[in-house]
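Line by line, the protein sequences are chains A, B and C. Each residue of the first sequence is one higher than the last, beginning at 541 in our numbering. Each residue of the second sequence is one higher than the last, beginning at 2 in our numbering. Each residue of the third sequence is one higher than the last, beginning at 2 in our numbering. Note that CB positions come from ideal geometry on N, CA and C, so glycine has one too. Working notes, beginning with the structure itself.
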Amino acid sequence: MNLLKGPSARAAAGFAGSAVVLFALAPLVLSDFRLGLLAKYLCIAMVAVGVCLAWGRGGLLTLGQGVFFGLGGYAMAMHLKIADAGPGNLPDFMQLYGTATELPWWWQPFANPLFALAATVLLPMAVAAVLGSFIFRRRVKGAYFAILSQALAAAFAIWLIGQQATTGGTNGLTDIQGFFGYALDDPVNQRMVYFVIAAALLLLIALARQLIHSRYGELLVAVRDSEERVRFLGYDPANVKLVAYVVAAGMAGLAGALFVPAVGIISPALIGIVPSIEFVIGAAVGGRASLVGAVLGAVAVAWAKTALSEEFPAAWTYFQGLLFIVALAFLPGGLASLAGIVRRRRATAEEKKAAVIPVGEAA
Amino acid sequence: MSSLPHIHRRRFLAGTAALAAVVALSACGAKTDAAGSSDKAAKIDVSGDTVKVGLLNSLSGTMAISEVTVRNSLTLAIDEINASGGVLGKKIKPISEDGASDWPTFAEKAQKLIKEDQVAATFGCWTSASRKAVKPVFEKNKSLLFYPVQYEGLEQSPYIFYTGATTNQQIVPALDYLKSQGLKKLYLVGSDYVFPRTANKEIRAYAKANGMTILGEDYAPLGSTEFSTIANKVKSSKADAVFNTLNGDSNVAFFKEYKSAGLTAKSMPVVSVSIAEEEVKSIGTQYLDGQLTAWNYYQTTQGAANEKFVKAYKAKYGQDKPTSDPMEAAYVSVYLWKAMVEKAKSFDPEKVKAASDGITFDAPEGKVTIDGASQHIYKTARIGKVGSDGLIEQVWDSGKPIKPDPYLKGYSWASGLS
Amino acid sequence: MTVVLGQTFTGISIGAVLLLIALGLSLTFGQMNVINMAHGEFIMAGAYTTYVLQKSIASAGISLLVALPVAFLVSGALGALLEWLLIRRLYLRPLDTLLVTWGVSLMLQQLARDIFGAPNVQTRAPDVLTGNITLIGGDDPLTVANSRLFILGLAVAAVVALSLTLRLTPLGRRIRAVVQNRDLAEVSGISTSTVDRTAFFIGSGLAGVAGVALTLVGPIGPTMGTNVIIDAFLVIVVGGIGQLKGTVIVAFVLGVLQSVLEYSTTVSVAKVLVLVGIVAFLQWRPQGLYTLRTRSLV
Chain A
541 MNLLKGPSAR AAAGFAGSAV VLFALAPLVL SDFRLGLLAK YLCIAMVAVG VCLAWGRGGL
601 LTLGQGVFFG LGGYAMAMHL KIADAGPGNL PDFMQLYGTA TELPWWWQPF ANPLFALAAT
661 VLLPMAVAAV LGSFIFRRRV KGAYFAILSQ ALAAAFAIWL IGQQATTGGT NGLTDIQGFF
721 GYALDDPVNQ RMVYFVIAAA LLLLIALARQ LIHSRYGELL VAVRDSEERV RFLGYDPANV
781 KLVAYVVAAG MAGLAGALFV PAVGIISPAL IGIVPSIEFV IGAAVGGRAS LVGAVLGAVA
841 VAWAKTALSE EFPAAWTYFQ GLLFIVALAF LPGGLASLAG IVRRRRATAE EKKAAVIPVG
901 EAA
Chain B
2 MSSLPHIHRR RFLAGTAALA AVVALSACGA KTDAAGSSDK AAKIDVSGDT VKVGLLNSLS
62 GTMAISEVTV RNSLTLAIDE INASGGVLGK KIKPISEDGA SDWPTFAEKA QKLIKEDQVA
122 ATFGCWTSAS RKAVKPVFEK NKSLLFYPVQ YEGLEQSPYI FYTGATTNQQ IVPALDYLKS
182 QGLKKLYLVG SDYVFPRTAN KEIRAYAKAN GMTILGEDYA PLGSTEFSTI ANKVKSSKAD
242 AVFNTLNGDS NVAFFKEYKS AGLTAKSMPV VSVSIAEEEV KSIGTQYLDG QLTAWNYYQT
302 TQGAANEKFV KAYKAKYGQD KPTSDPMEAA YVSVYLWKAM VEKAKSFDPE KVKAASDGIT
362 FDAPEGKVTI DGASQHIYKT ARIGKVGSDG LIEQVWDSGK PIKPDPYLKG YSWASGLS
Chain C
2 MTVVLGQTFT GISIGAVLLL IALGLSLTFG QMNVINMAHG EFIMAGAYTT YVLQKSIASA
62 GISLLVALPV AFLVSGALGA LLEWLLIRRL YLRPLDTLLV TWGVSLMLQQ LARDIFGAPN
122 VQTRAPDVLT GNITLIGGDD PLTVANSRLF ILGLAVAAVV ALSLTLRLTP LGRRIRAVVQ
182 NRDLAEVSGI STSTVDRTAF FIGSGLAGVA GVALTLVGPI GPTMGTNVII DAFLVIVVGG
242 IGQLKGTVIV AFVLGVLQSV LEYSTTVSVA KVLVLVGIVA FLQWRPQGLY TLRTRSLV
């Protein structure tokens, strides 16, 4: 029982600690601008929670999270653009580039705030469910799955760019003024958006932890490590993977939706191959199999990108590249495994006295 | 296992606490946007003997091929001004940021420059998408952006000064020129983004009113480098000329394919609006010899101001480096800002804006004047021909600077556009 | 009729470019299962090699011919270095290789920017390669670009050379042995690490050759590799891992498909349709067109 109690107590303490940092410390210490940036990083961390589940636990390298992030983001932005324009008016970019005199049919449902909110999560989940049920049933996996995901991300981005009259094309949906009646240029409301994002992130982490520690979570790891054995045990690995994929898609969708009020823009630049790689790379650097590692890694990598590019605008990509190489080639478990290594060293030292092999420590 | 419910309860408590905090805090959100407008304006750091300005260009990613040259000429202008005493007795301190060819990054860096660095003005952006992404940032913070690239018009932000050409200073004169040459059947080729699509809409309207025909219109995704099909389509259309609004890498592939298809400047001239001396250098005169371009400035433009600019640029960045229209517009933008600040005797954006009307500068392209109402500048339109030496020789100009008309209000054929 | 024929030829020429950029990957990804995102930057290295050589060799034709072997060596050396520094530590973690080599590709792009400048650079093509030959004359003539014919020839030569190497030489036998059963190859006395490095050298070298060819049709700049890398991977994935013939067939099929769709719709729509088509195809044949039959359960 001691073995169980240790990590879970730590988790609860960590959870409370991060709530204090996010809700009390960060708003006090950071300027409005930096808090806005943190809100953006936390959105990326939300995607990383899903990546941790699907990739770290399920072994699915989802290199197409940009698609789901984009679906959520566009669903939210479409509603906000309609709301900004006011009833009966077209969003500004449609008046400029469009030929239509009324809202296209597929925009119309998004005028309803409840529909739009539900769509931010359910739309990516539905798309993931359809895609996943095909892909996993046909046992596409590993590198194939990764490259397939990238192809989808590229296709979605190119499609959005080609539909300038109805999607804003390369520009995306910009200049979003309000968030359900709150003016976004007011720092107080920006802060509120930050709190919503921080709360959503904590909820997602709690949800993912619940899943990971459930029987399903064990099954997912089993599928990752040996799909065939799981199949022989009578489970269908396709369904197990599908759940993780769909949940991760929903999380990415929510992240995209909250990214819109935080940053004020959604564009194909956030959807294609490059952003899709950036979504997973933070989780990989931090430690894909560990929730804490993935989340902190995502925030750290996003923060490092900002900080390095501000400090060395002409050379920051060297440092970014180097960071990825060093972290991934030499620390396969990510930064989170550093803590594990230290802990194991200490544990080994103690065990030498006690001569007992630890069981609960394998991360 | 007995400890499991215990964990759940704790987790639940933490979650509830978080939610409660959100609810409590969102109650503090202000639903009105009536907050005083003056206190929302960005602060400008004028303490000390320097004044900061932001330089926001892509130094990495696909757009770096073009934007780095703009950064160079901005730096040149700042160095020159500092060497001659600065602005209002203060030296200009440039703060450099990388937009990374990514529009949301442009918005983030613009905020950083305004809020953290408290710059007096920002110079930069290239693509229309990056300008659209930063426009709300500059408007909300009431800070100034100087945008140095020709663009599609139909925009007039109170906080942006447009020192590149708007449509009636580049595209419309180019069409007038084609018409005067009897080239009336056009094929439109462009990159798939806002500038080419909007420009082509304007070209179609012009063609309709002027008895020209558009035989086809094709777009390739930005960065696309496979143009054999488009070259085939253009060839079999038997158009008189091609109007090219491709941007970046695509131009190289397009012109290589164009020549391979057997098309030449003689058989079917191409008028390009995004190919300046720098692009000519990277495509190669082998492929471009005799093709047409429409700009407001060429390295070969006559005048003492240009000789000085070209000489200074080459001395700083290398004898083999050409100067081009966007570089010149960027260079000019810094001097215009300086003149506006000196007339206003203040760095305050509102006062600078108020002082802008009628400011003139003896630019490399000739004398330019700011139109205070539209915050664009009067510019001379010039059609040029690429020579075998890689330079562009002017073959036609508008004679005098054209008044900027971003919404094409002075053109009856354009009435349905905006 | 001319249009159909013309687009078929265009498609074949697009396919030839695809084949050339994917050929190196068929070795490093197809045979060794390494997802090397820096492959695009090896292509870039080949293109810049051409540029550098042209500075010292005046004749465009000779410099192009010299550039082919030199670029093979330059990119090959880069590949072998990458294999020795990083990839050999990652053979059991193919997906990490993807992310690590992504980091490498970022650094190589920035390096190119710092060495050669951010703007694109130009190379001169020999005059004979900027022209075209007329297949059907008349009012709406059907012509084929010489540069494309050259690339087609180069691609065919590279495929033949690679497949002969794999089939007939001792090195080729060793590579195939390692691919089919690494452990058994190792205990039979094959130095698998040497074989890996050699295979990586050849695969990366072929990227350099592709880079030389691309100077004839596209831009030469720091980001030229990222423009083509995903297309190249898709060719391998659809063609099937471990088989050259799949790569060859798929490159040409995708090329023709792309050109026909481009003609009847737009470039963007064609691209989207091809990508979606590929995803659908993999539902039908998840292991690609041709698969290496193994005794693995999947």
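Hey, could you find the ends of the beta strand (DSSP E) residue i is sitting in?
| i | result |
| --- | --- |
| H377 of chain B | H377 to Y379 |
| D765 of chain A | It is not in any beta strand (DSSP E) - D765 of chain A instead sits in the alpha helix (DSSP H) that spans R755 to D765. |
Hey, could you find the ends of the alpha helix (DSSP H) residue i is sitting in?
| i | result |
| --- | --- |
| G77 of chain C | A61 to L86 |
| D572 of chain A | D572 to V591 |
| T195 of chain C | T193 to L215 |
| S673 of chain A | P653 to R677 |
| I698 of chain A | A683 to G702 |
| R731 of chain A | P727 to I752 |
| A78 of chain B | A65 to A84 |
| N245 of chain B | Taken as a continuous stretch (DSSP letters only), N245 of chain B belongs to no alpha helix (DSSP H), being part of the beta strand (DSSP E) at A242 to T246. |
Using 8 Å as the limit for Cβ to Cβ distance, is residue i near chain A?
| i | result |
| --- | --- |
| S61 of chain B | yes |
| S275 of chain B | no |
| L187 of chain B | no |
| P120 of chain C | no |
| V251 of chain C | no |
Helix, strand or coil: which one does DSSP assign to residue i?
| i | result |
| --- | --- |
| L255 of chain C | helix |
| Q284 of chain C | helix |
| N297 of chain B | coil |
| I15 of chain C | helix |
| E394 of chain B | strand |
| T128 of chain B | coil |
| N58 of chain B | strand |
| G628 of chain A | coil |
| A28 of chain B | Residue placement at A28 of chain B is poorly supported in this model, since its pLDDT is 40, which falls under 50; the coordinates are not used for a value here. |
| A146 of chain C | strand |
Check whether chain B comes within 8 Å of residue i, counting only Cβ atoms and requiring the distance to be less than that.
| i | result |
| --- | --- |
| A809 of chain A | yes |
| A146 of chain C | yes |
| S269 of chain C | yes |
| Y291 of chain C | no |
| A854 of chain A | yes |
| K56 of chain C | no |
| I821 of chain A | no |
| E42 of chain C | no |
Would residue i pass as an interface residue toward chain C - the criterion being a Cβ-Cβ separation below 8 Å?
| i | result |
| --- | --- |
| A694 of chain A | yes |
| K202 of chain B | no |
| A824 of chain A | yes |
| D398 of chain B | no |
| P872 of chain A | yes |
| V787 of chain A | no |
| A792 of chain A | no |
Mind checking residue i: buried by the 16 CB within 10 Å criterion, or exposed?
| i | result |
| --- | --- |
| V18 of chain C | buried |
| K141 of chain B | buried |
| T227 of chain C | buried |
| T6 of chain C | Inspection of the sequence shows that residue 6 of chain C is occupied by Leu rather than by Thr. So L6 of chain C ends up on the exposed side. |
| T29 of chain C | buried |
| G604 of chain A | buried |
| Q8 of chain C | buried |
Notebook entry, point to check: With a cut-off of 8 Å, do at least 3 Cβ pairs link the stretch 820-829 of chain A to the stretch 595-605 of chain A?
Noted result: Yes, since at least three Cβ pairs between the stretch 820-829 of chain A and the stretch 595-605 of chain A fall closer than 8 Å, the two stretches touch.
Margin query: Does the stretch 81-90 of chain B come into contact with the stretch 100-116 of chain B, if we say contact requires no fewer than three beta-carbon pairs (one atom in each stretch) closer than 8 Å?
Written below: No, they do not touch.
Checklist line | Stretch pair the stretch 793-803 of chain A + the stretch 684-691 of chain A: three plus CB contacts closer than 8 Å | finding: The stretch 793-803 of chain A makes no contact with the stretch 684-691 of chain A; the number of CB pairs closer than 8 Å stays below 3.
Next item on the list: Decide yes or no for the touch test of the stretch 36-45 of chain C against the stretch 206-214 of chain C: beta carbon pairs closer than 8 Å, at least 3 of them.
Entry: Three or more beta-carbon pairs drawn from the stretch 36-45 of chain C and the stretch 206-214 of chain C are found closer than 8 Å, and the two stretches are therefore classed as touching.
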